[in-house]
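Engineer: Chains as they are written, first to last, in the numbering used here: chain W, 1 to 285; chain R, 286 to 492; chain V, 493 to 850. The structure is given below, and queries will be raised subsequently.
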């Protein structure tokens, strides 16, 4: 069989073999992670560097506005940002506008306690869920402790040590909305436009396209979009952990992205092979 | 009598209720809100009756298939699963700690996730088959797909300007075409609604 | 302290109350509390007295400058008084406001531009319908997907295999589903003329009941009520991936010759269309779901994009009344594009005119 015939046959290969190759291509990196070197994309870099250069004792609101259906993409981002803040001495204030986000956000703070020894109400604050959507966002601009009279655990916010210097958005360096829907746009409209607080978005890959106009308009300082951004951020936080001699790395997003990347590269390879075969078969005719 | 019941009365009902509900949107008066709330209740009541018919259809469809050797095993599983979940739900309740919920969480959710994961494989075979350089448009489609697929991998970050190109494609031509389609869809929705309310479109009632 | 007391007394004005909208259920109370006093307030109460004598105390956020009271009645009058506390001590008590009744209006003025646009569009539609009725030929550009419907049905007839028709995964309240059902009627009539079997697995129970009647009526219209098989139009399941699995399995087992995907779809679209493609079926899709269009374009032979789905019924029937509405849609789109272009050009010269319409 000549090379030409080989490629022509390959371009008409049965689906079964494509699925088999994809299956192998996805399983192997999950079992034997290749640890592709991660390089930060510009949008992720903007958010990372912003938090990285904040003075110690700054406050960042992390709003977990997502649910379990988008957790594989967004939850690793939330965990990574929480750890980043605590490692840099920035105090993350966790909250959520959706009921299901509370459990997920709590999971991230619990992990930070285990890995970094973070102390509740000193190194981080978790306010939990508050109903009201835009009303809550507006209320935080006036008085956070009036909107959240108690935190998630029932402690009065006026008694929380870490919250004492905080009144409203003027004391907040950044708000990041983690979501699988259009909630980050609500934060941009109400928090940034009315109160001028810096806002960033952390969203799924599918919905990222809808938020580029907000970045172009300067309403978001940056955006974490999809699994790739989660892997990049996770990798950057792991490097900080390594610097500080803490060996408990998180690799969930990195491993998934490795598998994802190999899958996508295989698709590109199939497309190239398919086109070579297609051209050769046309030339033969 | 049949044309009256099957065509004229439904068309008249749709016209009257369509006009009322259209005007209701512009009228903030509490009477308008009451009409809206009542229409939602009617909607739920009709949906409940439709569910009964749907379940009868489901059971009839699968019970007839039990006689066919090719389909019998699958239809048997469908009927038994249905019966089991109904009984478990009625006997043990459907609360968060119930057996019903546990079966849903441990069987249904993984099955849904498994079917969802088929997308990864189907996407690869669809891309393999579809992205061929057949003409100018197909070539542009393929090149764009290449850039986006490659740009969203980890390795894409190492190619100079790749992220900026991907961002530009997503933020400009992609978003522009999406918005264009949505404008057209919006007009299509309004036109179809008006056609149905005014009785111009009658296929739903048999032509 | 005395100065503060004088200030408190001076600023003890009753709260201003007005009706924010015409629903007859809300009143907005403006809390004119001087900023100097606000930091001392730890609890802010609003006392509401109804004209029937009922008194309620509402606990509101201290920093609010206005509060909207909901769930009122347009047949009663209400008045309000502000009570401000600092660590349990009453420091501020305003006078009672005037009795105010929530206004119930018969037209929402904020929606006037929308109403005008709707009426304009309806007038344009009626004009073109009248034109079409007067037998003026209206040109419609050919749409490949709709031209191919006959070809697709013919293929199923030749091969002796069924057509699978899917109405999408949303309920009857979604216009895309209604458009899909309209096309179902046409396809059933054409398929019935060739005695080709059409299978319609339904996702939504209400859609199932309507699809059943449409198919039955379509066969009756062409004089072949005997062709209707109730087991061919059935309710499959209302679980998204359960439905996808069922339909995919049906396509593979029955080796359908033609598949129609009309309506609104979610993530299962690729599972359905790729499975259909793997069986070698000819596939025609039509959806207004922007996210799923790329998958259908890649896997189906023909795709109706967005509004083409809504135009399909007019194309297939060529009824003057329906073709007239397509012209109206096109004119409305042209007007909209002209407005967008004009406003974009003006904004380049820093002239921002929206006339309060947008």
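Ideal Cβ placement from N, Cα and C applies to all residues, glycine included. Computed from a prediction, not measured in an experiment: that's the story for all the values here.
Near residue 678 (chain V), which residues of its chain fall below 6 Å by C-beta distance, leaving aside the five closest residues on each side in sequence?
Structural biologist: Once the five neighbours on either side are set aside, the close Cβ partners of residue 678 (chain V) are 808.
Engineer: Closest Cβ-Cβ distance between residue 206 (chain W) and chain V: below 9 Å?
Structural biologist: Interface residue, yes.
Engineer: Distance cutoff 9 Å, beta carbons only. Does residue 770 (chain V) sit that close to anything in chain W?
Structural biologist: With 9 Å as the cut-off, residue 770 (chain V) counts as an interface residue toward chain W.
Engineer: Which residues of chain R have a Cβ atom closer than 9 Å to the Cβ of residue 257 (chain W), listed in chain order?
Structural biologist: Those within 9 Å of residue 257 (chain W) in chain R are 438 and 439.
Engineer: Below 8 Å, can you find three or more Cβ-Cβ pairs linking the segment 758-766 of chain V to the segment 400-416 of chain R?
Structural biologist: The segment 758-766 of chain V, when compared against the segment 400-416 of chain R, does touch it at the 8 Å Cβ threshold.
Engineer: Give the range of the beta strand (DSSP E) segment to which residue 94 (chain W) is assigned.
Structural biologist: That run of the beta strand (DSSP E) goes 91-96.
Engineer: Find the residues of chain R that neighbour residue 670 (chain V), judging by a C-beta separation of less than 7 Å, and give them in chain order.
Structural biologist: Within chain R, the residues near residue 670 (chain V) are 477, 481 and 489.
Engineer: So, using beta-carbon positions, are residue 575 (chain V) and residue 606 (chain V) closer together than 9 Å?
Structural biologist: Not a contact, by the Cβ cut-off of 9 Å.
Engineer: Counting pairs of beta carbons, one from the segment 116-130 of chain W and one from the segment 75-91 of chain W, are three or more of them closer than 8 Å?
Structural biologist: Enough Cβ pairs lie closer than 8 Å, so yes.
Engineer: Should residue 452 (chain R) be flagged as near chain W, meaning a C-beta pair shorter than 9 Å?
Structural biologist: It does; some Cβ of chain W falls within 9 Å.
Engineer: How should residue 775 (chain V) be labelled, buried or exposed, when 16 other C-beta atoms within 10 angstroms of its C-beta is the threshold for buried?
Structural biologist: So residue 775 (chain V) counts as buried.
Engineer: 9 Å is my cut-off, CB to CB: does residue 232 (chain W) come that close to chain R?
Structural biologist: Cβ-Cβ to chain R under 9 Å: yes for residue 232 (chain W).
Engineer: Counting only C-beta atoms, is residue 468 (chain R) closer than 9 Å to chain W at any point?
Structural biologist: So, not an interface residue.
Engineer: Under 7 Å between beta-carbons, which chain R residues line up against residue 438 (chain V)? List them in chain order, please.
Structural biologist: Within the shown structure, residues of chain V are numbered from 493 to 850, placing residue 438 (chain V) beyond reach of any answer.
Engineer: Between residue 215 (chain W) and chain R, is there a C-beta pair that is closer than 9 Å?
Structural biologist: With 9 Å as the cut-off, residue 215 (chain W) counts as an interface residue toward chain R.
Engineer: Decide yes or no for the touch test of the segment 292-304 of chain R against the segment 653-665 of chain V: beta carbon pairs closer than 8 Å, at least 3 of them.
Structural biologist: With a cut-off of 8 Å, the segment 653-665 of chain V and the segment 292-304 of chain R do not count as touching, because too few Cβ pairs lie within range.
Engineer: Per the contact definition of three or more C-beta pairs closer than 8 Å, is the segment 710-722 of chain V in contact with the segment 743-760 of chain V?
Structural biologist: Judged by Cβ distances under 8 Å, the segment 743-760 of chain V makes no contact with the segment 710-722 of chain V, as fewer than three pairs qualify.
Engineer: Return the residue from the list V:693, V:565, V:798 and V:730 that minimises the CA-CA distance to residue 743 (chain V).
Structural biologist: Selected option, being the one with the closest Cα: V:693.
Engineer: Quick test of the definition: if touching needs 3 or more C-beta pairs under 8 Å, does the segment 165-178 of chain W touch the segment 133-141 of chain W?
Structural biologist: At 8 Å Cβ cutoff, the stretches touch.
Engineer: Evaluate residue 89 (chain W) with the Cβ neighbour count: other Cβ atoms within 10 Å of its Cβ, from every protein chain shown; 16 or more gives buried, anything less gives exposed.
Structural biologist: Exposed, by the Cβ-count rule.
Engineer: In whole angstroms, what separates the C-alpha of residue 258 (chain W) from that of residue 452 (chain R)?
Structural biologist: Their Cα atoms are separated by approximately 21 Å.
Engineer: So, are the CB atoms of residue 98 (chain W) and residue 151 (chain W) less than 9 Å apart?
Structural biologist: No, the pair does not count as a contact, with Cβ atoms beyond the cut-off.
Engineer: Let me know the secondary structure DSSP gives residue 487 (chain R) once reduced to three states.
Structural biologist: Note: residue 487 (chain R) maps to coil in three-state DSSP.
Engineer: Identify which residue in R:448, R:334, R:416 and R:348 has its Cα closest to the Cα of residue 275 (chain W).
Structural biologist: Taking only the C-alpha atoms, the option nearest residue 275 (chain W) is R:416.
Engineer: With a CB to CB cut of under 6 Å and the five nearest residues on each side skipped, what residues in its chain are close to residue 115 (chain W)?
Structural biologist: So the qualifying residues of the chain are 248.
Engineer: Kindly say whether residue 434 (chain R), judged by its beta-carbon, lies nearer than 9 Å to any beta-carbon of chain W.
Structural biologist: Chain W, which has a Cβ nearer than 9 Å to the Cβ of residue 434 (chain R), makes this yes.
Engineer: Name the DSSP beta bridge partners of residue 537 (chain V), please?
Structural biologist: Looking at the DSSP assignment, residue 537 (chain V) forms a beta bridge with V:551 and V:575.
Engineer: Does the beta carbon of residue 677 (chain V) sit closer than 9 Å to a beta carbon anywhere in chain R?
Structural biologist: Output row for residue 677 (chain V): interface = yes.
Engineer: Which same chain residues, not among the five before or five after residue 7 (chain W), have their C-beta less than 6 Å away from its C-beta?
Structural biologist: Here the set comprises 276, 277 and 280.
Engineer: Excluding the 5 residues preceding and the 5 following residue 135 (chain W) in the sequence, name in chain order all residues of the same chain whose CB lies nearer than 6 Å to its CB.
Structural biologist: Result list for residue 135 (chain W): empty, nothing under 6 Å.
Engineer: Nearest to residue 78 (chain W) by alpha carbon, out of W:16, W:107 and W:59?
Structural biologist: The option with the nearest alpha carbon to residue 78 (chain W) is W:107.
Engineer: Return the chain-ordered ranges of every beta strand (DSSP E) run that is complete within the segment 131-197 of chain W and spans a minimum of 3 residues.
Structural biologist: Here the runs fully enclosed are 174-179.
Engineer: Residue ranges of each alpha helix (DSSP H) run of no fewer than 4 residues wholly in the segment 731-776 of chain V, ordered along the chain?
Structural biologist: For the segment 731-776 of chain V, whole alpha helix (DSSP H) runs of length 4 or above, ordered along the chain, are 732-746 and 761-770.
Engineer: Please return the same chain residues whose Cβ sits closer than 6 Å to the Cβ of residue 102 (chain W), not counting the five positions on each side in sequence.
Structural biologist: 96, 128 and 129, listed in sequence order.
Engineer: Considering only C-alpha positions, which residue in the set W:43, W:18, W:17 and W:9 is nearest to residue 450 (chain R)?
Structural biologist: If we check each option's Cα against that of residue 450 (chain R), W:43 comes out closest.
Engineer: Per DSSP, residue 851 (chain V) is paired with what?
Structural biologist: The requested residue 851 (chain V) does not occur in the structure, where chain V is confined to residues 493 to 850.
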